[in-house]
Ligand code: P1T
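Numbering (our numbering), first residue to last: 109 to 489.
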């Protein structure tokens, strides 16, 4: 099956008892057994649920993986990955990444004796000098949030293999429509399903996908033992959203390209961060590992002040000021005070995340309406 067919059919089949074409919401906490241990593969709602099973199979198929696991949030999925480690282990993570991931690593897991190094991975070979015998995990986000840096998944996966380090890619910004890290050699893919995959800003969930059976068994044990599992209603919403992932993504990419080119040519704009621009430092790697460039864009103003940013945010109408991304509606964010507020200012400034940086999640509205809105909001800035 090709990708655009898998979104609709992979992992799902008509309900055997009724023929319902849509996977039912199995809203149950437990399953009846005819004798102790004699059951139909389902014992308890935290451990297994048929709606969740269908989604996990579908997600595995979209990432060309064998095993999928779903979590109550994207951070719940990341938390599970770190729980495969033990005190004394080290993690090398992308220096620019979602603020919540940084907060989980530094504020929660450092207390348990796990060490995190945040490294610029733009040149894969630069990572090698940070590897020690204790390094057990390479944490890659690409494109990164919010600077849209591109990291060479294939090159880093090779480095991971050589040094026996698990390579996990947070594929949230690209979605499986644009990029499949397992095909490029990564061991594990993580998604915030809250974003492009569910696509309608109505659910918070996360997922992990792998081909490695031992890793899957370890993660499945942690999923059941620690309990960050999603409810069946949310699994249904994500399954429903996935059916249009490919058509939504196609439009996100088209609109993203038009907005990036518009901003690049605008006299009030200084830098545009979007991996589809030929001037992006890792555009060639983006072209190699992604099928298109997506709808996430960050930018700065020539008049690089908070006042300019606040005026823009006050004027803009169609782009709603909100956390999150990847829904059908366009959103605008101010990373320094919103999604990345938990990263110390000096750390984020080192990565180019300035006080006035703006991030756009370009939706699938009519592009002319979006460009008109940006035009009026930027006038005279
Ligand atoms: O919000 P949650 O489903 O727990 O996912 C966390 C997460 C993980 N990885 C990336 C790359 C993310 O962007 C996020 C969540 N990000 C936002 C809420 C945001 O506005 O950037």
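Even glycine gets a Cβ: it sits at the ideal position worked out from N, Cα and C.
*asked:* Among the candidates 383, 191 and 354, whose CA atom is the shortest distance from the CA of residue 112?
replied: Here the closest residue by C-alpha is 354.
*Can you tell me which of the three DSSP states residue 155 falls into?*
Residue 155: coil per DSSP, three-state reduction.
*What is the rounded straight-line gap between the Cα of residue 289 and the Cα of residue 488?*
Between residue 289 and residue 488, the C-alpha separation is close to 43 Å.
*Along the alpha helix (DSSP H) that carries residue 343, what are the first and last residues, could you check?*
Counting along the chain, the alpha helix (DSSP H) containing residue 343 begins and ends at 340-350.
_residue 364 beta carbon less than 7 Å from that of residue 470_ = For residue 470 and residue 364, yes; Cβs fall inside 7 Å.
*Unbroken alpha helix (DSSP H) run spanning residue 361, endpoints*: Where residue 361 is concerned, the enclosing alpha helix (DSSP H) stretches over 353-373.
*Going by alpha carbons, who is nearest to residue 251 out of 279, 275 and 238?*
For the residues 279, 275 and 238, the minimum Cα distance to residue 251 belongs to 279.
*Which two residues bound the contiguous beta strand (DSSP E) that contains residue 266?*
It is not in any beta strand (DSSP E) - residue 266 instead sits in the alpha helix (DSSP H) that spans 261-270.
*For residue 197, I'd like the list of residues in its chain whose CB is within less than 7 Å of its CB, leaving aside the five on either flank, ordered along the chain.*
Within the same chain, 222, 242 and 244 come within 7 Å of residue 197 by CB-CB distance, once the 5 residues on both sides are set aside.
_Using only the alpha-carbon positions, how far apart do residue 539 and residue 398 sit?_
Residue 539 lies beyond the stretch modelled for the chain, which goes from 109 to 489, so this question has no answer here.
_With a threshold of 7 Å on Cβ separation, who are the neighbours of residue 169 within its own chain once the five nearest residues in sequence on each side are excluded?_
Answer for residue 169: 114, 118 and 119, listed in chain order.
*Please confirm whether any heavy atom of ligand 1 lies closer than 6 Å to the CB of residue 285.*
Residue 285: no, Cβ never under 6 Å from ligand 1.
*Identify the residues that DSSP records as bridge partners of residue 468: which are they?*
In the DSSP output, where bridge partners are listed per residue, residue 468 has 405 and 440.
*With distances taken Cα to Cα, identify the nearest neighbour of residue 327 among 391, 128, 176 and 160.*
Cα-wise, what sits closest to residue 327 is 176.
*Within 10 angstroms of the Cβ of residue 140, are there 16 or more other Cβ atoms? Answer buried if so, exposed if not.*
With a 10 Å radius around the Cβ and a threshold of 16 neighbouring Cβ atoms, residue 140 comes out exposed.
*If you follow the alpha helix (DSSP H) that residue 198 is part of, which residue opens it and which one closes it?*
Counting along the chain, residue 198 falls outside any alpha helix (DSSP H), though it belongs to the beta strand (DSSP E) covering 198-202.
*Own chain residues within Cβ distance below 7 Å of residue 162, not counting five before or after*: For residue 162, where only same-chain residues beyond five positions count, the Cβ hits under 7 Å are 119, 120, 131 and 347.
*Residues of its chain near residue 486, where Cβ-Cβ distance is below 7 Å and the 5 sequence neighbours each way are ignored*: Taken in chain order, the residues that qualify are 374, 376 and 420.
*Bridge partners of residue 305, per DSSP?*
The partner list for residue 305 (beta bridge, DSSP) is empty, contrary to what the question assumes.
*Select from 138, 146 and 159 the residue whose C-alpha is nearest the C-alpha of residue 152.*
Residue 138 holds the alpha-carbon nearest to the alpha-carbon of residue 152 among 138, 146 and 159.
*Spell out a yes or no on whether the segment 198-218 and the segment 181-189 are touching, meaning 3 or more CB-CB pairs, one atom from each, closer than 8 Å.*
Verdict: yes, contact present.
*Is residue 390 near ligand 1, going by C-beta to nearest heavy atom under 6 Å?*
Checking every heavy atom of ligand 1 against the Cβ of residue 390, none is found closer than 6 Å.
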